[in-house]
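Be aware that the sequence shown starts at 1, since it is given in full-length UniProt numbering, and climbs by one per residue.
Glycine included, every Cβ here is placed at the ideal spot set by N, Cα and C.
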Amino acid sequence: MTESPSDVDTDPDTVRREAGRRRTFAVISHPDAGKSTLTEALALLSRAIQDAGVTHGKSSRHATVSDWMGIEQERGISISSAALQLTYRDTVLNVVDTPGHADFSEDTYRVLAAVDSAVMLIDAAKGFEPQTVKLLAVCKARNIPIITVINKWDRPGLDALGLIDDVGERTGMTPVPLTWPVGIAGEFQGLIDLRASRAIALEAVGAGAQAAAETDVDIDALEPREAGAWLEAREESGLVESSNGSFDREEFEAARQTPVLFAAAAKNFGVSQLLDILVDVAPSPSPRPSKEAGPRPIEAPMSGFVFKVQAGQDSSHRDHIAYLRICSGSFERGMVITNQRTGKPFATKYAHRVLGRSREVVDTAWPGDVVGLVNATSLRVGDSLFSEQPVRFPDIPRFSPELFAVARAKDPGRYKQFRRGIDQLEHEGVVQVLRSDLRGDQAPVLAAVGALQFEVAAERLGTEFSAPTSLDQLSYTLAMRVSPESQGVPETFRGGEILFRADGEAVAVFGDKWKIGHFTKDNPGVVLEPIGAAV
Ligand code: G4P
Numbered sequence: 001m002t003e004s005p006s007d008v009d010t011d012p013d014t015v016r017r018e019a020g021r022r023r024t025f026a027v028i029s030h031p032d033a034g035k036s037t038l039t040e041a042l043a044l045l046s047r048a049i050q051d052a053g054v055t056h057g058k059s060s061r062h063a064t065v066s067d068w069m070g071i072e073q074e075r076g077i078s079i080s081s082a083a084l085q086l087t088y089r090d091t092v093l094n095v096v097d098t099p100g101h102a103d104f105s106e107d108t109y110r111v112l113a114a115v116d117s118a119v120m121l122i123d124a125a126k127g128f129e130p131q132t133v134k135l136l137a138v139c140k141a142r143n144i145p146i147i148t149v150i151n152k153w154d155r156p157g158l159d160a161l162g163l164i165d166d167v168g169e170r171t172g173m174t175p176v177p178l179t180w181p182v183g184i185a186g187e188f189q190g191l192i193d194l195r196a197s198r199a200i201a202l203e204a205v206g207a208g209a210q211a212a213a214e215t216d217v218d219i220d221a222l223e224p225r226e227a228g229a230w231l232e233a234r235e236e237s238g239l240v241e242s243s244n245g246s247f248d249r250e251e252f253e254a255a256r257q258t259p260v261l262f263a264a265a266a267k268n269f270g271v272s273q274l275l276d277i278l279v280d281v282a283p284s285p286s287p288r289p290s291k292e293a294g295p296r297p298i299e300a301p302m303s304g305f306v307f308k309v310q311a312g313q314d315s316s317h318r319d320h321i322a323y324l325r326i327c328s329g330s331f332e333r334g335m336v337i338t339n340q341r342t343g344k345p346f347a348t349k350y351a352h353r354v355l356g357r358s359r360e361v362v363d364t365a366w367p368g369d370v371v372g373l374v375n376a377t378s379l380r381v382g383d384s385l386f387s388e389q390p391v392r393f394p395d396i397p398r399f400s401p402e403l404f405a406v407a408r409a410k411d412p413g414r415y416k417q418f419r420r421g422i423d424q425l426e427h428e429g430v431v432q433v434l435r436s437d438l439r440g441d442q443a444p445v446l447a448a449v450g451a452l453q454f455e456v457a458a459e460r461l462g463t464e465f466s467a468p469t470s471l472d473q474l475s476y477t478l479a480m481r482v483s484p485e486s487q488g489v490p491e492t493f494r495g496g497e498i499l500f501r502a503d504g505e506a507v508a509v510f511g512d513k514w515k516i517g518h519f520t521k522d523n524p525g526v527v528l529e530p531i532g533a534a535v
């Protein structure tokens, strides 16, 4: 990624080779399962971060993650999603960040459109938690292959065999352990690396700041009093293997099998094994389906799609960044690309790789890479971009909102700014915007997956558009699309109402799922359909 544009070799073999050495994935987990710790550990072990000065932990992280907005600074959370790029064993790992907070947002789901696989992180003491389940559902709906990592094995937790059963039941995939822990949760001594048929003793070095020391163990040569946990690990892993079978790449890529690893990210235990597994088994970019022309070959001229748009990231110069996932060809900074939706050209003078606050200029990127296009005010989530051969990638699905609030400009004199702001937030996909004649243009309904989206919207309307806005939450909790063939659609009904998107699509909103039953009984001509992915 350091070549200058003129040196770039775009012949098909080079593009295929570069794509083949890329793994683009996200870590999905419930808050606190250890996503940031694991990401840091991956970075540490792949040497992207120098050993010196690296410590895991929330306090040290404040300085390294994005803190572009007041909300984020106050809470110490990362609202932005960017991609971290690491190189390990000559493979480029693009870790696409999924914002992690209890109030997560549509972005969390959308970034999954940009990945080729996911690492599902589970806290060994808590098992499956609600947010993991939701993100898992999005991955499953897209057939994204998933590697499962059971984290925090250094702390007391659930039983390994029980967790494996749970993974099988919850994911509907066959769990196939590739590493097995030696010692119960809380007494993590080592791992059986089932791929390499190795037993490895692990030892923490320097409080999480360095790779764990790994020593090969010959289980059969151990003293009887030391051998217990090792023999048990060997027996248990053998049991699972005989009932669940061994790893099969096709089954994994079809999301029917999930490899499972055990780790303690905070101690860097099991993390180098994960890196190896990402390199050896995670899929590299493959031809991406397109709307009109079948899958786009990797070596076709440059193309990609925008999976996230973010504004106001840098408070010193307000800017918009559109995150582009490259699907084919080579991207060179400075190339002029066309936006399929508008037919307009877009000059990529400012292309960056963004992680938190630091930006690095990107000169060249290949399929699987994520590029942040700065000053991209014309780009929207879902836009397809190409250099020469036009392509239209499938839309990024909308997700079914669960929260609804009426927005009103606090100062009626600033209605124009308010409307401009609402339109912009809608374009960027910060919130979904629904309107109705009954409510009028002055009081649109904002719809979201997480409450944080409302806070971001209100803050940006106030600061960026100078339109302080009040938000009154409505008691609705779910939405269904009203099929266009529907007859006799009412404006309002018991326990809900009909609202419209800017493109005219009608959406029925309800207080709870029981109201849907009443509605369909009262309005037999109306056909309701679920919105977006099943989450
Ligand atoms: P998140 O991004 O998924 O929200 O989780 P994060 O990495 O912030 O980890 C949440 C907490 O769990 C942190 O503790 C972190 O140190 C701890 N943790 C992560 N992985 C492991 C692990 O493998 N073993 C153990 N024992 N702990 C782990 P915290 O108390 O919230 O922060 P800090 O005081 O440790 O910085």
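In terms of alpha-carbon separation, which member of L93, S243, D472 lies closest to A365?
-> L93
Which value, in whole angstroms, describes the spacing of the CA atoms of E388 and V336?
-> 9 angstroms
Excluding five sequence neighbours on each side, which residues of the same chain lie with their C-beta closer than 7 angstroms to the C-beta of A19?
-> S284, P285, I298, W366, P367, G368
Identify which residue in K152, L471, G421, V111 has its Cα closest to the Cα of residue 537.
-> Given a span of 1 to 535 for the chain in the structure shown, any question on residue 537 remains unanswerable.
So what does DSSP say about D123, is it helix, strand or coil?
-> strand
Using the rule of at least 16 other Cβ atoms within 10 Å of the residue's Cβ for burial, across every protein chain shown, is V133 buried or exposed?
-> exposed
Are at least three pairs of beta-carbons, each pair with one atom in the segment 375-388 and one in the segment 28-42, less than 8 angstroms apart?
-> no
Run of the beta strand (DSSP E) containing H427, from where it starts to where it stops | Where H427 is concerned, there is no enclosing beta strand (DSSP E), although the alpha helix (DSSP H) it sits in stretches over 415-428.
Buried or exposed: where does C333 fall if 16 or more other Cβ atoms within 10 Å of its Cβ makes it buried?
-> Checking the displayed sequence, the identity of residue 333 turns out to be Arg instead of Cys. By the neighbour-count rule (16 or more Cβ atoms within 10 Å), R333 is buried.
Under the three-state reduction of DSSP, which class applies to Y88: helix, strand or coil?
-> strand
Between the segment 495-513 and the segment 457-464, do at least 3 Cβ pairs fall closer than 8 angstroms?
-> no
Would you mind sorting N268 into buried or exposed? The rule is 16 or more other CB atoms within 10 Å of its CB.
-> buried
Would you say K308 and R110 are within 8 angstroms of each other, going by their C-beta atoms?
-> yes
What do you reckon, is the C-beta of K267 under 7 angstroms from a heavy atom of the ligand G4P?
-> yes
Residues near L471 in its chain [Cβ-Cβ closer than 6 angstroms; skip 5 each side] | A405, A407, F454, A458
For F391, the first and last residue of its enclosing alpha helix (DSSP H) = According to the sequence shown, residue 391 is Val rather than Phe. Here V391 belongs to no alpha helix (DSSP H), and DSSP marks it neither H nor E.
Hey, does S483 have any beta-carbon neighbour from chain E nearer than 8 angstroms?
-> No chain E is part of this structure, which consists of one protein chain only.
Any heavy atom of the ligand G4P closer than 7 angstroms to the CB of P31?
-> yes
Roughly how many angstroms separate the alpha carbons of V27 and Q442, rounded to a whole number?
-> 40 angstroms
Apart from the five residues just before and just after G127, which ones in its own chain have a Cβ nearer than 7 angstroms to its Cβ?
-> L158, L163, D166
Compare the C-alpha of A467 against each of I200, D216, R419 and name the closest.
-> R419
If I'm right that I146 touches T24 with Cβ under 8 angstroms, what's the distance once you round it to whole angstroms?
-> Between T24 and I146 the Cβ distance is about 14 angstroms, and since that is not below 8 angstroms, they are no contact.
S328 to G382, Cα distance in whole Å?
-> 16 angstroms
Check whether the Cβ atoms of L478 and K521 lie closer than 8 angstroms to each other.
-> no
Is N244 near the ligand G4P, going by C-beta to nearest heavy atom under 7 angstroms?
-> no
CA-CA distance, L186 and A125?
-> With the sequence shown as reference, residue 186 is identified as Gly, and Leu is not the correct amino acid for it. Taking the straight line from one Cα to the other gives about 10 angstroms.
Tell me whether G421 counts as near the ligand G4P, meaning its Cβ is closer than 7 angstroms to at least one heavy atom of that ligand.
-> no
Out of curiosity, what's the CA-to-CA distance linking G511 and C139?
-> 27 angstroms
Residues bridged to F25 by DSSP?
-> V95, S117
Are R234 and I184 close, meaning C-beta to C-beta below 8 angstroms?
-> no
Tell me where the beta strand (DSSP E) around K308 begins and ends.
-> 303-311
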